[in-house]
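Numbered per my numbering, the sequence shown spans residues 198 to 378. What follows is one structure encoded as structure tokens, with my remarks underneath.
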Amino acid sequence: GPLGRDPRGPVLSVAHLLLAPRFSPVRPGGDASGAHWRPVDALLAPDSPLAFDHATILADGVERARSKIEYSPLATSFCGPEFTITQLRTAYEAIWGAPLDPRNFHRKATKTASFIEATGRTAHEGAGRPAALYRLAPGVDETAFVLDPPLRRPTGPAPVPPTNPLPGRMRDNRASTEGEP
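Put into structure tokens, the structure is as follows:
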């Protein structure tokens, strides 16, 4: 960071980026007796409790994670070995911090070559018909594979699903052919 960012003198900061679906509970000790997990949004807020330029360092890491899942299959690691498109979309939405249009996401995720594949099984996720289960395509290395084309995060306002003027039964049939309930 820039000189003068810490009144005690020159300081070297090292940040590590770790993406994982779950973390172990924090075991505070020593000079970190108050350590605990916090939502990243709270730490990036204007009234962040982070000292010096640590909010900037954190923001850089968050941006790196958000951009990384655009072109890599890392988001699948936040799902089980088999997952629904809704579960995968939820992982993308949580990391990007933005809602995604379910139909567009389904189309992009299932049409991206060598990304995911259908298992032929289904899962019940509440009311409605069972959802198809998917898994990471065979031979894909989550850390090295590049999605082509990448799944792009939204850049503008949240997408608004179009209003469907079709009567109820036709609307239900149309939705089922698109792969999402």
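Even glycine gets a Cβ: it sits at the ideal position worked out from N, Cα and C.
| Asked | Found |
| --- | --- |
| Report the option in G227, R326, R235 and L333 whose CA atom is closest to the CA atom of L255. | R235 |
| Report buried or exposed for V357, applying the criterion of at least 16 other Cβ atoms within 10 angstroms of its Cβ. | Annotation note: pLDDT 43 at V357 (below 50); position unreliable, coordinate value reported separately. When all chains shown are included, V357 counts as exposed. |
| Please classify A355 as buried or exposed, where buried requires at least 16 other C-beta atoms within 10 Å of its C-beta. | A caution first: A355 carries a pLDDT of 47, below 50, which makes its placement in the model unreliable, though a value can still be read off. Answer is exposed; the Cβ neighbour count stays below 16. |
| As a quick exercise: from T287, F342, L240 and E314, pick the residue whose alpha carbon is nearest that of Y331. | E314 |
| Assuming A329 is part of the beta strand (DSSP E), what are its boundary residues? | A328 to L333 |
| Would you kindly report the start and end of the unbroken alpha helix (DSSP H) that includes E260? | H251 to Y268 |
| So what does E314 bridge to, in DSSP terms? | R332 |
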